[in-house]
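Notes for the one structure printed next.
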DNA sequence: CCGGTAACAAGAATCAATACTATTTAAGCA
DNA sequence: TGCTTAAATAGTATTGATTCTTGTTACCGG
């Protein structure tokens with residue numbers, strides 16, 4: 020009684036788009052990116068497939084930034100920095116939570132931890148320059 | 020040339036509502052909570068003041084969960100667990116990132132880290148029971 | 001080739017969040 | 001206390017990301 024997932028060219032293109040960029044795209048970004056090669060692509064299809072990829076763990080959500088959900092196709096352990104000013108997301112490879120912390124939390128609180136994320140917020144190099152005064 | 024911030028009974032009530040609960044409320048929750056005592060409260064006022072509190076660091080955002088932004092009036096260092104099933108947020112007091120990691124990231128990447136958060140995702144005790152099969 | 005169904009496009013609907021405008025009210029001062 | 005004025009608000013309209021609906025297309029097994 021498995022729900023089959025058929026092959027689809029659009030779905031493949033959507034996944035490829037996410038996995039081939041480091042910019043942590045939104046649904047709209049993916050849509051605009053694929054539009055030229057897939058003129059009949061629908062925004063709804065992008066949303067549907069992003070949800071699908073997220074559900075089966077193929078991609079992760081970085082969270083909602085300035086009103087739009089942002090995704091990440093890089094599953095290697097790393098953290099993110101999010102600029103409070105421009106909304107840019109920067110990868111922080113090698114930056115991770117304490118080892119075993121997820122398991123410790125699961126045990127201590129009776130939870131089933133499936134994912135753990137460490138996120139930093141502040142100003143990116145570009146925005147630091149444009150902010151003459153502090154904070 | 021400072022922009023004065025006048026006293027406002029509604030604003031005080033909104034802050035009190037957030038600080039007096041452990042449920043990490045949304046704007047809508049605060050609105051419904053205060054409605055009985057403040058029949059003429061406007062949802063816009065709730066949003067405006069939540070943004071104000073967030074801007075001056077009186078409250079923090081937990082992030083957007085199931086389409087609604089959730090807030091936290093507890094500024095003590097702690098982390099959160101978010102249930103992927105019911106959206107409940109559970110406090111994890113004492114659970115923190117590695118000490119000094121924010122400063123290390125700032126230095127290493129030339130960023131200005133203002134805030135750092137560690138978040139766990141998975142199933143809460145209630146939802147574990149209702150999920151007979153894994154994940 | 002045919003029937004069943006996943007995937008899809010297009011557009012409508014939803015709804016959290018924001019913007020707008022007229023009104024109310026806090027705060028300083030005579 | 002009464003006056004002034006700009007912040008704060010209520011109420012309503014609007015926005016915009018996301019989801020849903022409907023009818024169509026295309027893949028797959030038989």
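Chains as they are written, first to last, in our numbering: chain Z, 20 to 154; chain A, 20 to 154. Just so you know, even glycine gets a beta-carbon here, dropped at the ideal spot from N, CA and C. On a predicted model such as this, the values are computed, not experimentally measured, just so you know.
>> By the three-class DSSP mapping on this structure, what secondary structure does residue 94 of chain A have?
In response: In this structure, residue 94 of chain A counts as coil in the three-state DSSP scheme.
>> the ligand PLP and residue 97 of chain Z: does any heavy atom of the ligand fall closer than 7 Å to the residue's C-beta?
In response: As for the ligand PLP, it is missing from this structure, which has no ligand bound.
>> Taking the alpha carbon of residue 93 of chain A as the reference point, which residue from A:42, A:74, A:26 has its own alpha carbon closest?
In response: Measuring from the Cα of residue 93 of chain A, the nearest candidate turns out to be A:42.
> What are the residues that DSSP puts in a beta bridge with residue 99 of chain A?
Replying inline: Residue 99 of chain A is bridged by DSSP to A:110, A:138.
>> For a test of the three-state rule: what should DSSP assign to residue 25 of chain A, helix, strand or coil?
In response: Three-state DSSP puts residue 25 of chain A in coil, outside helix and strand.
> In the structure shown, what three-state DSSP assignment does residue 41 of chain Z receive?
Replying inline: Here residue 41 of chain Z sits in coil by DSSP.
>> For a contact defined as C-beta to C-beta under 9 Å, what are the partners of residue 90 of chain A on chain Z?
In response: Chain Z residues near residue 90 of chain A: none, gap ~14 Å exceeds 9 Å.
> On the premise that residue 50 of chain Z lies in contact with residue 60 of chain Z, defined as a C-beta separation below 8 Å, what is that separation, rounded to the nearest angstrom?
Replying inline: Rounded to whole angstroms, the Cβ separation of residue 60 of chain Z and residue 50 of chain Z is 7 Å, and the two are in contact under 8 Å.
>> Helix, strand or coil for residue 133 of chain A? Go by DSSP, reduced to three states.
In response: It is a strand residue.
> Considering residue 84 of chain Z, what are the terminal residues of the beta strand (DSSP E) in which it resides?
Replying inline: Taken as a continuous stretch (DSSP letters only), the beta strand (DSSP E) holding residue 84 of chain Z covers 79-84.
> Which residues in the same chain have their Cβ closer than 8 Å to the Cβ of residue 130 of chain A, if we skip the five residues on either side of it in sequence?
Replying inline: For residue 130 of chain A, the CB contacts under 8 Å within the same chain, skipping 5 residues up- and downstream, are 124 in chain order.
> According to a CB-to-CB cut-off of less than 7 Å, which residues of the stretch 45-73 of chain A neighbour chain Z?
Replying inline: Listed by position along the chain: nothing, the set is empty.
> For residue 88 of chain Z, which of helix, strand or coil comes out of DSSP?
Replying inline: If DSSP states are grouped into helix, strand and coil, residue 88 of chain Z belongs with the strands.
>> Residues of the stretch 122-138 of chain Z in Cβ contact with chain A at a cutoff of 9 Å, in chain order, please.
In response: When CB distances to chain A are screened at a threshold of 9 Å, the residues of the stretch 122-138 of chain Z falling below it are 123, 124, 125, 127, 128, 129, 130, 131, 132, 133, 134, 135, 136, 137, 138, in chain order.
> Quick one: is residue 20 of chain A near chain Z, going by C-beta distance under 8 Å?
Replying inline: Here residue 20 of chain A scores only 49 on pLDDT, less than 50, and its place in the model should not be relied on; the value that follows carries that caveat. Residue contact check for residue 20 of chain A against chain Z: no CB pair falls below 8 Å.
>> Please state the DSSP three-state secondary structure of residue 127 of chain Z.
In response: Residue 127 of chain Z carries a helical assignment under DSSP once its states are collapsed to helix, strand and coil.
>> Do residue 106 of chain A and residue 84 of chain A have their beta-carbon atoms positioned less than 8 Å apart in this structure?
In response: In this structure, residue 106 of chain A lies closer than 8 Å to residue 84 of chain A by Cβ.
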